[in-house]
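In UniProt numbering, the protein residues as written are 1 to 447.
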């Protein structure tokens with residue numbers, strides 16, 4: 001079994017008080033109508049006893065159709081939900097909610113999280129996250145939204161992870177066919193001297209940092225699912241120059257790749273067609289899954305970063321990839337594969353559910369877990385208050401065979417839990433920027 005990076009830490013919400021997070025989603029050509037539909041859903045859940053009645057933090061995701069109205073949407077929702085003190089979110093070419101995704105249509109989704117004020121902090125460029133061990137706020141992990149156009153964004157993500165106790169952050173790059181916006185608004189105000197903030201930002205990083213508390217309670221659990229299938233052995237990079245791999249295991253890299261793909265430059269049309277569909281999996285870690293493990297699982301683990309091939313260098317017999325590399329790194333050629341992506345997504349959802357189900361069950365829990373899924377899943381006994389799912393914009397329903405198919409897989413495997421998210425231009429997990437992956441994070445109650 002490939003190693004999957006995980007995160008599990010408490011947020012100090014006693015488990016017997018855990019409530020499900022209210023959420024809502026809608027599509028409509030007029031944002032006011034979509035917002036009205038979402039607010040109606042939120043108010044309906046707020047009135048139910050098993051749902052949180054005093055949420056403080058809202059996660060807001062919109063499709064790029066609503067970018068021109070982003071500020072109006074935030075202002076309207078803030079006015080209609082005055083008890084929400086903090087907002088965070090981003091734009092995506094698509095957004096996600098429980099059992100549904102919205103692509104190429106105007107839509108928005110909101111989830112209201114009930115967390116203690118002193119156990120999270122909204123951050124942005126005008127109100128940055130304090131450094132670790134600064135004494136102001138100690139972050140254990142963070143939900144991060146970022147703009148892909150920001151210089152050195154991958155390095156900034158790694159720096160953000162270093163500001164947390166766990167070294168693990170999760171989220172994604174906001175994606176849009178027009179302007180890229182992020183939401184970050186805190187009722188605690190901005191840092192002195194930083195000026196006022198409207199809550200809608202372009203560029204840089206923003207999000208929510210979460211603290212650890214030794215008393216236990218609400219927690220976070222995160223998993224990465226890969227969507228690519230290895231098509232070669234694993235090689236060691238033995239010569240390279242910046243982003244050009246020149247040698248693999250001492251052999252010319254271009255020659256190795258063409259042999260693995262079964263093509264030749266003497267038939268350039270056939271060769272280029274195959275190369276365009278080929279990606280590379282890279283690992284800077286020593287625990288790159290070996291060939292035997294990969295052959296059994298048919299997929300990479302979470303420590304492997306998938307990158308594009310962006311060119312060939314016949315003069316040096318090299319291949320250019322969309323990342324800098326160094327001698328000693330591991331590399332394997334791969335391709336997108338819907339079957340592997342589906343199996344891996346089901347697996348991580350099953351892992352989460354199995355880890356949350358207690359060994360000894362009360363009658364209430366046993367009854368909830370044994371009822372038909374549609375009845376049993378949205379229940380506090382399942383110990384999942386809500387979920388955030390960030391998937392690659394190149395995945396979604398079309399990659400899985402039908403509209404909303406990816407979110408239907410999540411719902412079938414994880415249950416009918418409150419969920420929001422978006423389709424990103426790159427996914428963030430641990431301290432890395434991924435591609436063609438999904439990052440699923442759930443808010444859980446303690447045992």
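Think of the CB as a built atom: it goes at the ideal place given N, C-alpha and C, for glycine as much as any other residue.
At the level of alpha carbons, what is the spacing between residue 129 and residue 204? Translated into the one-based positions of the chain shown, residue 129 becomes position 129. Translated into the one-based positions of the chain shown, residue 204 becomes position 204. Cα to Cα, residue 129 sits roughly 13 Å from residue 204.
Give me the Cα-Cα distance between residue 100 and residue 181, rounded to the nearest whole angstrom. On the chain shown, position 100 is the one that residue 100 refers to. On the chain shown, position 181 is the one that residue 181 refers to. Near 22 Å, if we compare the C-alpha coordinates of residue 181 and residue 100.
When DSSP builds the beta bridges, which residues end up paired with residue 307? Numbered from 1 along the chain shown, position 307 holds the residue referred to as residue 307. Answer by DSSP bridge pairing, in chain order: 280.
Along the chain, which unbroken stretches of the beta strand (DSSP E) at least 3 residues long are found entirely within the stretch 30 to 105? 57 to 63, 86 to 92, 94 to 97, 100 to 103
Would you list the residues sitting across from residue 25 in a DSSP beta bridge? Translated into positions along the chain shown, residue 25 becomes position 25. BP columns for residue 25 point to 109.
Where does residue 192 land, buried or exposed, given buried means 16+ other C-beta within 10 angstroms? As a position in the chain shown, residue 192 is number 192, starting the count at 1. With a pLDDT of only 42 at residue 192, under the threshold of 50, the placement of this residue in the model should not be trusted; the figure read from the coordinates follows. With fewer than 16 Cβ atoms within 10 Å of its Cβ, residue 192 is classed as exposed.
For residue 332 versus residue 444, is the C-beta distance shorter than 9 Å? Taking the first residue of the chain shown as position 1, residue 332 is located at position 332. Taking the first residue of the chain shown as position 1, residue 444 is located at position 444. Cβ atoms of residue 332 and residue 444: not closer than 9 Å.
Roughly how many whole angstroms lie between the Cα atoms of residue 317 and residue 246? Locating residue 317 in the chain shown gives position 317, where the first residue counts as 1. Locating residue 246 in the chain shown gives position 246, where the first residue counts as 1. Cα-Cα distance, rounded: 6 Å.
Beta-carbon separation of residue 388 and residue 414 under 9 Å? Taking the chain shown and counting its residues from 1, one reaches residue 388 at position 388. Taking the chain shown and counting its residues from 1, one reaches residue 414 at position 414. No, the Cβ-Cβ distance between residue 388 and residue 414 is not below 9 Å.
Rounded to the nearest angstrom, what separates residue 5 and residue 139 at their Cα positions? For the purposes of this step, residue 5 is taken as residue 5 along the chain shown, with counting starting at 1. For the purposes of this step, residue 139 is taken as residue 139 along the chain shown, with counting starting at 1. For residue 5, the pLDDT reaches just 44, beneath the cut-off of 50, and the residue's location in the model is therefore unreliable, leaving the point undetermined.
DSSP-derived helix/strand/coil call for residue 198: As a working note, residue 198 is residue 198 in the chain shown. Residue state, collapsed to three classes: coil.
Residue 385 vs residue 442 beta-carbon contact at 9 Å: Looking up residue 385 in the chain shown gives position 385. Looking up residue 442 in the chain shown gives position 442. Yes.
Could you name each continuous beta strand (DSSP E) segment of 3 residues or more that falls completely within the stretch 236 to 285, going from the start of the chain to the end? 244 to 248, 279 to 283
Pick from 152, 137, 185 that is closest to residue 165, judged by C-alpha positions: Position 165 of the chain shown, counted from the first residue, corresponds to residue 165. The option with the nearest alpha carbon to residue 165 is 137.
Cβ pair count under 8 Å reaching 3, the stretch 48 to 61 against the stretch 112 to 119: yes
Measure from the alpha carbon of residue 439 to the alpha carbon of each residue in 20, 66, 67, 96, then state which is nearest. As a position in the chain shown, residue 439 is number 439, starting the count at 1. Residue 439 has its Cα closest to that of 96, out of 20, 66, 67, 96.
Quick test of your reading: residue 108 and residue 34, contact by CB under 8 Å. State the CB separation rounded to the nearest angstrom. Mapped onto the chain shown, residue 108 falls at position 108. Mapped onto the chain shown, residue 34 falls at position 34. Confirmed, about 5 Å.
Which of the three DSSP states, helix, strand or coil, is assigned to residue 19? The residue you call residue 19 lines up with position 19 of the chain shown. Residue 19: coil per DSSP, three-state reduction.
Examine the Cβ distances between the stretch 275 to 283 and the stretch 326 to 343 and report whether three or more of them are shorter than 8 Å. yes
Would the stretch 421 to 439 and the stretch 220 to 234 be scored as touching if the rule is three or more Cβ pairs under 8 Å? yes
Return helix, strand or coil for residue 203, following the three-state DSSP convention. As a first step, residue 203 must be located in the chain shown, where it is residue number 203. Reduced to three states, the DSSP call for residue 203 is coil.
So what's residue 459 in DSSP terms, helix, strand or just coil? Because the chain spans 1 through 447 in this model, residue 459 falls outside it and cannot be assessed.
Own chain, CB closer than 7 Å to residue 242, minus 5 neighbours either side, in chain order: Here residue 242 refers to the residue found at position 242 when the chain shown is read from its first residue. So the qualifying residues of the chain are 324.
Boundaries of the alpha helix (DSSP H) in which residue 329 is found, first to last residue: Position 329 of the chain shown holds residue 329. Premise fails: residue 329 is in no alpha helix (DSSP H) and is neither H nor E.
Nonlocal neighbours in the same chain, by C-beta distance under 7 Å from residue 274, ignoring five residues either side: As a position in the chain shown, residue 274 is number 274, starting the count at 1. Same-chain partners within the cutoff: 261, 263.
Would you kindly check if the distance between the Cβ of residue 393 and the Cβ of residue 429 is under 9 Å? For the purposes of this step, residue 429 is taken as residue 429 along the chain shown, with counting starting at 1. For the purposes of this step, residue 393 is taken as residue 393 along the chain shown, with counting starting at 1. The answer is no: Cβ separation not under 9 Å.
Compute the distance between the beta-carbons of residue 186 and residue 125, then report whether it is under 9 Å. By 1-based counting over the chain shown, the position of residue 186 is 186. By 1-based counting over the chain shown, the position of residue 125 is 125. Not a contact, by the Cβ cut-off of 9 Å.
With respect to the alpha helix (DSSP H) encompassing residue 385, which residues constitute its N-terminal and C-terminal limits? Locating residue 385 in the chain shown gives position 385, counting from the first residue. For residue 385, there is no enclosing alpha helix (DSSP H); the residue is part of the beta strand (DSSP E) that begins and ends at 384 to 392.
Taking DSSP as the reference, what is the three-state secondary structure of residue 216? Start at 1 with the first residue of the chain shown, and residue 216 comes out as number 216. Because the pLDDT at residue 216 is just 46, under 50, the model does not fix this residue reliably, and the point stays unresolved.
Residue 186 bridges to which residues according to DSSP? Within the chain shown, residue 186 is the residue found at index 186, counting from 1. 86, per the DSSP bridge assignment.
Would you identify the three-state DSSP class for residue 342, choosing helix, strand or coil? Indexing the chain shown from 1 puts residue 342 at position 342. Reduced to three states, the DSSP call for residue 342 is helix.
Using the C-alpha atoms, what's the distance from residue 39 back to residue 72? On the chain shown, residue 72 is found 72 positions in, with the first residue counted as 1. On the chain shown, residue 39 is found 39 positions in, with the first residue counted as 1. Rounded to whole angstroms, residue 72 to residue 39 spans 15 Å at the Cα level.
Which first and last residues belong to the beta strand (DSSP E) in which residue 231 is found? Residue numbering aside, residue 231 sits at position 231 when the chain shown is read from its first letter. Here residue 231 belongs to no beta strand (DSSP E), and DSSP marks it neither H nor E.
Considering only their Cβ atoms, is the gap separating residue 400 from residue 172 smaller than 9 Å? Taking the chain shown and counting its residues from 1, the one referred to as residue 172 is at position 172. Taking the chain shown and counting its residues from 1, the one referred to as residue 400 is at position 400. Cβ distance not < 9 Å, so residue 172 and residue 400 don't count as in contact.
Out of 168, 91, 199, which has the shortest C-alpha to C-alpha gap to residue 463? The structure shown does not extend to residue 463, since the chain is modelled only from 1 to 447, so the question has no answer here.
Starting from the C-beta of residue 396, find all residues in its chain whose C-beta is less than 7 Å away, skip the five residues before and the five after it, and write them out in chain order. To locate residue 396, count along the chain shown from 1; it is residue 396. So the qualifying residues of the chain are 94, 101, 103, 406, 423.
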